[in-house]
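Trainee:
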Amino acid sequence: MTRFAVISFPGSNCDDDCVRVVNEVVGETGYKVRHDERTLDRADVVLLPGGFSFGDYLRCGAIARFSPIMDAVRAFAAAGGPVLGICNGFQILTEAGLLPGVLRRNVGLSFICEDTFVRVEGRQTAFTNGLEPGSVLKLPIAHNEGNYFADDETLNRLEGEGQVVFRYCTERGETGLPGRPAAPNGAARDIAGVSNVRGNIVGLMPHPERCCEPLLGGVHGRQLFDAVLRTIAGDGGPL
Amino acid sequence: MKGRVTVSLRTGVLDVEGKAIGKALTSLGFGGDIDVRVGRVFEIELPESSPEVALSRLKDMAVKLLSNPIMESYRLELVGSAPGAALGTTGT
Amino acid sequence: MKGRVTVSLRTGVLDVEGKAIGKALTSLGFGGDIDVRVGRVFEIELPESSPEVALSRLKDMAVKLLSNPIMESYRLELVGSAPGAALGTTGT
Amino acid sequence: MKTLQPPYTSEVIAAHGLTDAEYARIEAHLGRAPTWPELGVFSVLWSEHCSYKSSRVHLGRLPTKGPQVIHGPGENAGVVDAGDGLVLVFKMESHNHPSFIEPRQGAATGVGGILRDVFTMGARPIALADALRFGSPDAARMSHLVKGVVHGIGGYGNCVGVPTVTGDVMFDPEYDGNILVNAFALGVARKDGIFLGRAEGIGNPVFYVGSKTGRDGIHGATMASAEFGADSEAKRPTVQVGDPFIEKLLIEACLEVMSTDVLVGIQDMGAAGLTSSSCEMAARSGSGLVLRLDQIPMRETGMTPYELLLSESQERMLMVCRRGEESRLVALVARWGLDVCEVGTVTDTGRYVCTWHGEVVVDVPIGALVDDAPKYNRPMAAPPPMPVLDLDALPVPHVGAAMTEALLSLLARPTIASKRWVYRQYDHMVRTGTVLRPGQGDAAVVRLPETSRGVAISVGCNGRFVALDARRGAAMAVAEAALNVVCVGARPLAVTDCLNFASPERPEVMYSFSEAIDGLAEACLAIDAPIVSGNVSFYNETHKRGILPTPMIGLIGLMDDASRAVGQAFKEAGHEVFLLGKGDFGLGGSEYAALCLGALQGPAPSLDLAAHRLLLDTLLTLHEAGLITSAHDVSEGGLAVCLAEACFEFGVGLVATVPTTGARPDVLLFGEGPSRVVVSTQDGDRLIETCRFAGLACRRLGLTGGDVLSMRLAPAGHSDATTTLFDAPVSRLRDSWAEGFEQALKGARDPASVGPTTQETEP
Ligand SMILES: Nc1ncnc2c1ncn2[C@@H]1O[C@H](COP(=O)(O)OP(=O)(O)O)[C@@H](O)[C@H]1O
Ligand SMILES: [Mg+2]
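Chains as they are written, first to last, in this note's numbering: chain G, 37 to 275; chain R, 233 to 324; chain P, 233 to 324; chain V, 56 to 818.
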């Protein structure tokens, strides 16, 4: 059984969802690891879930990055372990410097909860291993700060290195339609998710765990979980 | 010229953000029980005019839009010139 | 003593909120095309010490927690004493 | 607030919301004048909000019993059996006045409060809903209020991580001076894991858990019971601020503590804060309490006993711990980084005693505070009859283009338009249990955790019908909520209410309140769904102008298989569409009349509860047989709007033919009334058969398909020519509906451009 450690900050509110999906839908072992612990308890995969880690009244994730468990996450990632930050988890990874850029407030200045379409981009990462480049996934978002930002130099480098993992797009996979940005939150170059250079750390704003069952209106999120299982099994991928 | 409006919570109003930041600073080793109050600053380009006119314009903005009198008070300053009592006023 | 950290967006970074407020001011009749930049101020109670020590403490807080250099810069002041260059520093 | 000594002036007494007679009763109870903190304690516990002094004589007529009921009204929230050893805990509450003063914090703390009512019973909150009533969008401050309220609800629920899965928003100028913000929360617990607000076990320690106490909302409870007037400005500094992050910690900490055996009882500090929570706990157990006020964690310096007792600081709980388990409790709570400290002891004196650094500052019999609170049978008088709509004075839009225009205007009305702008700001998917999201079905459906079953939720009430006929209108609110729940395929289980009315001191208001109670009772009995929790909010008026009486309903239902939940939209081409039921309908109280006349005129349509029950039962039978592919009840905007809404989600059109009944086309299309549903099916014959067998009226309207919605009158007499009432691309209708809400907030819609002026445009 592949062990998924789900990091639980006091204000995480998608930690239970991630654990449940891993255990009941994906059929592997999911368990919570509290923010104040120091070891990951034999994790194969680390998930940083959505929520409001420490209330996030300051920048999202700014306080969470100092949690004791983050040292263990850092070490795990440095050893090549697959780490996925979802929504708040993505914000924490950028604040922690494990991923480039930062997530700013949505351009419309309001929270957005809705389905979006994202296109699989870039190189294969631990969580997109085996996914068809250019394929379109329907994944829901729910955030107030998902507006990906980095300076142009960084953005160019990310694109050059294939570190842009997901881009918001239309249902048919289009981006950059004139006058109609695909990103609902103003994200630079429609970026919905990025990875580190090595490809074992991925962060994205949409919530794959919310769409792994037909009952909840979609199953595309399941693909990220299946991808990392392939990665763990040594079936291609960046590890 | 430039004006600055600083809006902060009135004393007594719970500052959830300040409280969270104070706690975080403590856990980062900056000492125990750190009192933090958080406010917002608006830096606004104003048309050239006398300080009095500029300040009254700024005050108008603070009252009508930038602050919520139920919970917040504001402080006005003209930037560039030395800030302080002479060119600033406060209100609720 | 008290310190003040003002965090604002770096020049060149689009200030969406400032834009929205500028628009709102325009619609309230304050004139067209008003440039507004929004920042946050943290007023922090500090243990008594020399201004140098206090400022370096404040800087530490600003760098570690209160600002994110990718998009923000900060300004430090000690309150009560006359603010300004002598006792304040800025950074990113 | 200064500490005053008796004797108190009439102004001081009045400022506490007490009449001179009530004050005299206090002195009689005590045998002396109350101390200053005692006066504060009486003022909040005897306020309308806490004591239900004007409503108690009527509330007893509500049906509250049933085999499914585990705890009815009287506890923090109602508890009903959901089978499989699970119970559902739910309640609705108002935060109208605070939201009018500070919309964002007012609405946010409303959500916080209703969540605490639910998890204080040991239940994990799984869903929120919000029922909102606003004035005309272009009334003063209104768009600010709408934005603030929605922002506040979203900001709180999103952070706490409880999905806001449905709601209801209506606009009417009668709410201009007094908006309604009613929040509903639903939680789930194990049947043996329910906790009650009891202070039992002499000598057991009382603990305070959560945020520190500040001067927030002092007099909030009395404020909520006082009407607005010129001095409401002066009441402003009492705004409470919510901290959803702390609430999230409280939920986790409390549920963790409740999974052990250290607790005897637990209660949140809601309105009237520490005072009401502690007194209610002791009153329910017939015990007494000693509280050491100086031990309370304080946020500010110089706080007085009076302030500590009356503060409405948010995110605080009171726990009675089993003696000997103190250190376990403290350790469990401290792990979540929350303040926890012992502040008192349970006694057997029947008295409420508070000390301040060893000195007794409050010593009153708890019975006097709670059970002997004033109870009034206030005078009632039927209001003068409402004006009756004169159809002849209302120009009929010509069929065709003008009728399309009328429909477009109606679809753009913020009451009818898409509420996406609202629910997009709410995380409605967190907890991975939302099966039918806002906008998808007539009711929301969430998965009952750890089962494959579903819970359906519907909230609402059309205050116009209540204003026209309180009894009928209130019954219609229950009937519609039940129908919504049945439309998605669930069986109604139980009801919560939030009764929003104007001043009970006006006889016509009290009369409508009493009538509404009877209407609720009749309807709940007819559908076998008892009322298990609720809330009364009086004094919803400004300068003597009352709101539309609005007994808001929150109804939950259960379904065996959540994956069979049915939405409101036509799924694909080729399904047959039927209108089920033949409820009464007309333009009285309709949105169309509001659009054209801007004034409320009657009569309200009549409601036949037996016929309604038949509709519900038959619809459930059809669901069980798998015959329904979509179901949407006919409500605001009438049949035309109902059909249009069913076309939107999947962009599937319909050509509908309605019989020529002689009714005016505008009545036919836009008339409103209960007990009608539009369904689609893949097996029309079996549907007809089932309805015929049940004795339910069932009329075939047409076949789904195409990208146009069109309604025609069936040929009259011998002619075979149909008359087209209107004919419009679904996309055009949808644009108007999709943008209406935001347009209304922006004020971009020119009021002069809507309404029956379209008459002139017809050739
Ligand atoms: N305040 C709200 N919060 C969340 N969802 C809402 C709110 N108001 C309306 N909705 C959603 O919008 C949809 C349409 O609402 P409404 O116009 O009242 O529907 P109907 O026409 O079925 O009565 C519903 O699914 C409802 O859940
Ligand atoms: Mg409805």
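Backbone N, C-alpha and C fix where the C-beta goes; we use that ideal spot for every residue, glycine too.
1) What span of residues does the alpha helix (DSSP H) with V/GLU679 cover, start to end?
2) Short check: CB of V/ILE465 to CB of V/CYS334, under 9 Å?
3) Kindly provide the ranges of any beta strand (DSSP E) runs that are 3 or more residues long and lie completely inside the region 365-432 of chain V, ordered along the chain.
4) Using the C-alpha atoms, what's the distance from V/SER786 back to V/GLY726?
5) In whole angstroms, what separates the C-alpha of R/GLU304 from that of V/PRO493?
6) At the level of alpha carbons, what is the spacing between V/VAL510 and V/LEU682?
7) Three or more C-beta pairs under 8 Å: does that hold for the region 623-638 of chain V against the region 757-770 of chain V?
8) Three-state secondary structure (DSSP) at V/MET441?
9) Measuring straight from C-alpha to C-alpha, what distance separates V/ARG371 and V/GLY392?
10) Suppose only complete runs of 4+ residues qualify. What are the alpha helix (DSSP H) ranges in the region 100-184 of chain G, listed by chain order?
11) Applying the criterion that 16 or more other CB atoms from any shown protein chain within 10 Å of the CB defines a buried residue, is V/MET313 buried or exposed?
12) Can you give me, in chain order, the residues of the region 282-315 of chain R that have a beta carbon less than 8 Å from any beta carbon in chain V?
13) Taking Cβ-Cβ distances shorter than 9 Å, what residues in chain G pair up with R/VAL245?
14) Would you list, in chain order, the members of the region 146-179 of chain V that have their beta-carbon closer than 8 Å to a beta-carbon of chain R?
15) By how many angstroms is the C-alpha of V/GLN322 removed from the C-alpha of V/SER331?
16) Compare the C-alpha of V/MET336 against each of V/GLY212, V/THR175, V/ALA536 and name the closest.
17) If distances are taken between C-alpha atoms only, which option among G/SER103, G/THR206, G/ALA228 comes closest to G/GLY158?
18) Can you find a CB in chain P that lies within less than 9 Å of the CB of R/ARG242?
19) Quick one: give me the first and last residue of the beta strand (DSSP E) that V/ARG754 is part of.
20) Considering only the alpha carbon of each residue, which of V/LEU170, V/VAL443, V/ARG347, V/ALA498 lies closest to V/ALA522?
21) Run through chain R and tell me which residues come within less than 8 Å of P/THR238, C-beta to C-beta.
22) Does V/GLY127 pass the burial test, meaning 16 or more other C-beta atoms within 10 Å, or should it be called exposed?
23) Could you tell me which chain R residues have their CB closer than 7 Å to the CB of P/VAL248, listed as they occur along the chain?
24) Reducing DSSP to helix, strand and coil, say where V/CYS334 ends up.
25) Would you say the beta carbon of V/VAL99 is closer than 8 Å to some non-hydrogen atom of ligand 4?
26) What would DSSP say about V/GLN160, mapped onto helix, strand or coil?
27) Does any residue of chain G bring its CB to less than 9 Å from the CB of P/ALA256?
28) Quick one: Cα of V/GLU700 to Cα of V/LEU650, how far?
29) So, with DSSP's three-state summary, where would you put V/GLN534?
30) Kindly identify the DSSP beta-bridge partner or partners of V/MET324.
31) Could I get the ranges of all uninterrupted beta strand (DSSP E) runs contained in the region 186-240 of chain G, with 3 residues as the minimum, in chain order?
32) Between which two residues does the beta strand (DSSP E) harbouring V/ALA186 extend?
33) Nearest to V/ALA534 by CA position, among V/GLY496, V/SER567, V/ILE582, V/ALA498, is which residue?
34) For chain G, find out if any of its Cβ atoms is closer than 9 Å to the Cβ of R/ILE253; answer yes or no.
35) Can you tell me the Cβ-Cβ gap for G/SER44 and G/ASP51, rounded? I've got them flagged as a contact below 8 Å.
36) Counting C-beta neighbours from all protein chains within 10 Å, is the total for R/GLY316 16 or more, i.e. buried, or is it exposed?
Mentor: The relevant details are as follows:
1) Looking up residue 679 of chain V in the fourth sequence gives position 624. It spans 664-679 - the alpha helix (DSSP H) in which V/GLU679 sits, taken as one unbroken run.
2) Here residue 465 of chain V corresponds to residue number 410 of the fourth sequence, with the count starting at 1. Here residue 334 of chain V corresponds to residue number 279 of the fourth sequence, with the count starting at 1. Sequence check: residue 465 of chain V is Leu here, not Ile. It is not a contact, given that the beta carbons lie outside the stated cut-off.
3) 371-376, 394-402, 406-411, 414-420
4) Within the fourth sequence, numbered from 1, the residue matching residue 726 of chain V stands at position 671. Within the fourth sequence, numbered from 1, the residue matching residue 786 of chain V stands at position 731. In a straight line, the C-alpha of V/GLY726 is about 24 Å away from that of V/SER786.
5) Position 72 of the second sequence holds residue 304 of chain R. Position 438 of the fourth sequence holds residue 493 of chain V. Taking the straight line from one Cα to the other gives about 35 Å.
6) Position 455 of the fourth sequence, counting from 1, holds the residue named residue 510 of chain V. Position 627 of the fourth sequence, counting from 1, holds the residue named residue 682 of chain V. If I take the Cα positions, the gap works out to 21 Å.
7) yes
8) Translated into the one-based positions of the fourth sequence, residue 441 of chain V becomes position 386. Note: V/MET441 maps to coil in three-state DSSP.
9) As a first step, residue 371 of chain V must be located in the fourth sequence, where it is residue number 316. As a first step, residue 392 of chain V must be located in the fourth sequence, where it is residue number 337. Those two C-alpha atoms are separated by around 13 Å.
10) Listed in chain order, the complete alpha helix (DSSP H) runs (minimum 4 residues) inside the region 100-184 of chain G are 105-114, 124-131.
11) Taking the fourth sequence and counting its residues from 1, one reaches residue 313 of chain V at position 258. Answer is buried; the Cβ neighbour count reaches 16.
12) ASN300, PRO301, ILE302, MET303
13) Within the second sequence, the letter at position 13 stands for residue 245 of chain R. By Cβ distance, chain G contributes nothing, its closest Cβ being about 14 Å from R/VAL245, past 9 Å.
14) ILE156, GLU157, GLN160
15) As a first step, residue 331 of chain V is located in the fourth sequence; it is residue number 276 there, counting from the start. As a first step, residue 322 of chain V is located in the fourth sequence; it is residue number 267 there, counting from the start. Spanning the alpha carbons of V/SER331 and V/GLN322 requires a straight line of approximately 10 Å.
16) Taking the first residue of the fourth sequence as 1, we reach residue 336 of chain V at position 281. Taking only the C-alpha atoms, the option nearest V/MET336 is V/THR175.
17) Translated into the one-based positions of the first sequence, residue 158 of chain G becomes position 122. The residue with the shortest Cα to Cα distance from G/GLY158 is G/ALA228.
18) For the purposes of this step, residue 242 of chain R is taken as the residue at position 10 of the second sequence. Taking Cβ atoms only, chain P never reaches closer than 9 Å to R/ARG242, which makes this a no.
19) Within the fourth sequence, numbered from 1, the residue matching residue 754 of chain V stands at position 699. Per DSSP, the continuous beta strand (DSSP E) segment holding V/ARG754 begins and ends at 753-759.
20) Position 467 of the fourth sequence holds residue 522 of chain V. Among V/LEU170, V/VAL443, V/ARG347, V/ALA498, the Cα nearest to that of V/ALA522 belongs to V/VAL443.
21) By 1-based counting over the third sequence, the position of residue 238 of chain P is 6. Those are VAL273, listed as they occur along chain R.
22) The residue labelled residue 127 of chain V in the question sits at position 72 within the fourth sequence. The residue in question, V/GLY127, is buried, as its Cβ has 16 or more Cβ neighbours within 10 Å.
23) Within the third sequence, the letter at position 16 stands for residue 248 of chain P. Within chain R, no residue comes near P/VAL248; the closest Cβ sits about 14 Å away, beyond 7 Å.
24) Along the fourth sequence, read from residue 1 onward, the residue named residue 334 of chain V stands at position 279. It is helical.
25) Here the bound small molecules are ligand 1 and ligand 2; ligand 4 is not part of this structure.
26) If you number the fourth sequence from 1, residue 160 of chain V lands on position 105. Reduced to three states, the DSSP call for V/GLN160 is helix.
27) For the purposes of this step, residue 256 of chain P is taken as the residue at position 24 of the third sequence. No, because no Cβ of chain G sits closer than 9 Å to the Cβ of P/ALA256.
28) By one-based count along the fourth sequence, residue 700 of chain V stands at place 645. By one-based count along the fourth sequence, residue 650 of chain V stands at place 595. Straight across, the Cα-Cα distance linking V/GLU700 with V/LEU650 is about 19 Å.
29) Taking the first residue of the fourth sequence as 1, we reach residue 534 of chain V at position 479. Note that residue 534 of chain V is Ala in the sequence shown, not Gln. Reduced to three states, the DSSP call for V/ALA534 is helix.
30) In the fourth sequence, residue 324 of chain V corresponds to position 269, counting from 1. According to DSSP, which records beta bridges pairwise, V/MET324 is partnered with nothing at all.
31) As far as the region 186-240 of chain G is concerned, its whole beta strand (DSSP E) runs of at least 3 residues are 200-205, 227-231, 237-240.
32) Counting from 1 along the fourth sequence, the entry for residue 186 of chain V is found at position 131. 179-189 is the extent of the beta strand (DSSP E) around V/ALA186.
33) Counted from its first residue, the fourth sequence places residue 534 of chain V at position 479. Selected option, being the one with the closest Cα: V/ILE582.
34) On the second sequence, residue 253 of chain R is found 21 positions in, with the first residue counted as 1. Yes, R/ILE253 lies at the interface with chain G (some Cβ there is under 9 Å from its Cβ).
35) Position 8 of the first sequence holds residue 44 of chain G. Position 15 of the first sequence holds residue 51 of chain G. That pair is a contact at about 4 Å.
36) On the second sequence, residue 316 of chain R is found 84 positions in, with the first residue counted as 1. The pLDDT assigned to R/GLY316 is 44, lower than 50, so where the model puts this residue is not dependable; a value taken from the coordinates is nonetheless given after this. Taking a 10 Å sphere around the C-beta of R/GLY316, we find fewer than 16 other C-beta atoms and assign the residue as exposed.
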